[in-house]
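A.B. asks: Start counting the sequence shown at 328; every next residue gets the next number (the working numbering).
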Amino acid sequence: MHMKYKLLTKRNIEWKIENEAKIPHSKFPIPHSASSRGVATLPTVMLLGVMALVVAVSITTLSFTELFISQGSAQSSRAHFYAEAGARDALIKIARNKTYLCATTDCYSVNFSSNGCTLSKDCAKVQVTGNDTAKTITSKGIMNANTRTLQVALTLDTDGLITSATWSEVTN
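#1: Please report how far the alpha carbon of isoleucine 344 lies from the alpha carbon of serine 390, in whole angstroms.
#2: Compute the Euclidean distance between the alpha carbons of serine 491 and glutamate 411, then round it to the nearest angstrom.
#3: DSSP state of methionine 328, grouped into three classes?
#4: Please report how far the alpha carbon of methionine 470 lies from the alpha carbon of tyrosine 427, in whole angstroms.
#5: For cysteine 434, which three-state DSSP category applies?
#6: So what's glycine 468 in DSSP terms, helix, strand or just coil?
#7: What distance in whole Å lies between the Cβ atoms of valine 455 and glycine 413, which are believed to be in contact at a cut-off of 8 angstroms?
#8: Taking the C-alpha atoms as reference points, what is the distance between arginine 520 and leucine 483?
#9: Roughly how many angstroms separate the alpha carbons of threonine 371 and alanine 379, rounded to a whole number?
#10: Answer yes or no: do alanine 430 and asparagine 473 have a C-beta to C-beta separation smaller than 7 angstroms?
#11: Can you check which of these residues, Glu496, Leu394, Ser400 and Gln402, is closest to leucine 477 by C-alpha distance?
#12: Assuming threonine 506 is part of the beta strand (DSSP E), what are its boundary residues?
Here it is, written out as structure tokens:
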């Protein structure tokens, strides 16, 4: 490439590059050079790569978040089922013995795995309070870090038969 310049004024120097091409409406010449061809390719490819990486990381993050949410929901549902099973177990005990009481907190547990309540997972902890005509069953279902508590209010007749049962979930 051969360059020539001439002094127009003290401050302005005009450069002339032989074999130059100009972008329309531009004062900046673009020389025909093999070394300048594709100069925008590398930054463009890098930008597209970074954008693809950002999209991939975003999708992965959303996937893992959804996975954790669905696992938490499933564990919460299992804790509810365990609490219900514990309450039904207490109902059977009351049906067999109308004077049955187990008044201490978490009086007995129903295990749903070999580890059961020793690791505070896969179990129901049950309490039965009341008298001969009205009893309250409190059953706490535990599945890992999820705990759901159900309360069953019972009314018994003089023969010890359950005449009504009201189920409700206790929120903390």
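All C-beta atoms in this analysis are idealised placements derived from N, C-alpha and C, irrespective of residue type, glycine included.
Please read these numbers as outputs of a predicted model, since none were measured by experiment.
C.D. replies: Well, looking at it:
#1: Only weak support is given to the placement of isoleucine 344: the predicted model assigns it a pLDDT of 48, under 50, and the value that follows is read from those uncertain coordinates. C-alpha separation (whole angstroms): 56 angstroms.
#2: 17 angstroms
#3: Confidence in methionine 328 is poor, its pLDDT being 48 and thus under 50, which makes the residue's placement unreliable; the coordinate value appears in the next sentence. Coil.
#4: 27 angstroms
#5: coil
#6: strand
#7: With a Cβ gap of about 10 angstroms, glycine 413 and valine 455 do not count as contacting.
#8: It is not possible to answer for residue 520, since the shown part of the chain is limited to 328 through 499.
#9: 12 angstroms
#10: no
#11: Glu496
#12: There is no way to answer for residue 506, as the model of the chain reaches only from 328 to 499.
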